[in-house]
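Protein chains in written order, with the numbering used here: chain A, 1 to 173; chain B, 1001 to 1120.
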């Protein structure tokens, strides 16, 4: 994965496959540390699965025997001196938190966060996304539910809405 | 944000019938993301918006065609869904101009009867 925004896209796909109806993506910046936390209310995993989940040969997929998303995230986080933490409860949901040390030479760039987050929101109309950015004590938060309320019946997946949401997020990220 | 959004979006008909719009699903699994599906999806959103084509552009998980990523599924109103493979921005442009606007089939369709080695 070439940048952090691709990791976010990838891990959120796991949440959606787990049947989540609400996914929170929090990006927290402090000094040289970037924390990305993705929490969902999907089906969750048992403790045994959580222990094995970063192994590329452990996957819930039935069509393939390989699941690379979390393995690649772990690799990229750890090569910067960071880490990942995964907690989950069956029937309640999963939280994946990845810490990247941004001053490390091997840290992948943030990438196009605005367009990645906007296509998550507009590309998955059945899911409420809560996007939260925390930087220097400033907090920015927006959710799909808020946007849908304003749209009043217009589908969030309409290209016009996609362009608007992306431009709105570009002002923040 | 609320006021700006209401001003920019022309409220045409309420979308009670999404099947009357073109439906596009972009595969966004690890293989797709690594192959550039995000760029494809962004391009489609921008092009459809600039050409004022009513559509819904959503994501889906892996469709099983990892060798041909990025893949997209296009459903025109009243038609069966078609899956296109190796959809970079150039291919996406061709799909919009020929298939979505004119109903003309283009190269690169993945037939639903195609069996990959994993299916055998």
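Even glycine gets a Cβ: it sits at the ideal position worked out from N, Cα and C.
For residue 165 of chain A, the closest alpha carbon among the candidates A:14, A:113, A:91, A:139 is that of A:113.
Around the Cβ of residue 1050 of chain B, a 10 Å sphere holds fewer than 16 other Cβ atoms; the residue is exposed. In the same chain as residue 169 of chain A, and ignoring 5 residues on each side of it, the C-beta atoms closer than 7 Å to its own belong to 114, 117, 118, in chain order. In terms of beta-carbon proximity, residue 157 of chain A lines the interface with chain B, with at least one pair separated by less than 8 Å.
For residue 1045 of chain B, the C-beta contacts it makes with chain A under 7 Å involve 159, 162, 163, in order along the chain.
Counting the other Cβ atoms within 10 Å of the Cβ of residue 103 of chain A gives fewer than 16, which makes it exposed.
As summarised for the region 18-70 of chain A, the continuous beta strand (DSSP E) elements at least 3 residues long and confined to that stretch are 22-30, 33-40, given in chain order. Not a single C-beta of chain B is nearer than 8 Å to the C-beta of residue 148 of chain A. As a beta-bridge residue in DSSP terms, residue 93 of chain A pairs with A:89.
Between residue 12 of chain A and residue 1045 of chain B, the CB-CB gap reaches or exceeds 8 Å. Among the residues facing chain A, residue 1042 of chain B is included, as its CB has a counterpart in that chain under 8 Å away. The Cβ of residue 124 of chain A sits closer than 8 Å to at least one Cβ of chain B.
Within the same chain, Cβ atoms closer than 6 Å to the Cβ of residue 24 of chain A are found at 39, 130, the five residues on either side in sequence being excluded. Residue 1056 of chain B sits close to residue 157 of chain A, with the two beta carbons spaced by under 8 Å.
Counting only Cβ-Cβ distances below 9 Å, residue 1 of chain A has contacts in chain B at 1030, 1033, 1034, in chain order.
Beyond the five residues adjoining it in sequence on each side, residue 140 of chain A comes within less than 6 Å, by CB distance, of 133, 172 in the same chain, given in chain order.
The C-beta distance from residue 160 of chain A to residue 29 of chain A rounds to 31 Å, too long to meet the 8 Å contact threshold. Neighbours of residue 1048 of chain B across chain A, judged by C-beta separation under 7 Å: 159. Against chain B, the beta carbon of residue 10 of chain A has neighbours under 9 Å at 1028, 1029, 1030, 1033, 1034, listed in chain order.
The Cβ of residue 119 of chain A sits closer than 8 Å to at least one Cβ of chain B.
CA-CA distance, residue 1073 of chain B to residue 137 of chain A, rounds to 43 Å. In chain order, 69 place their CB closer than 7 Å to the CB of residue 14 of chain A, counting only its own chain and leaving out the 5 sequence neighbours on each side. Relative to residue 3 of chain A, the option among B:1021, B:1024, B:1036 whose CA is nearest is B:1036.
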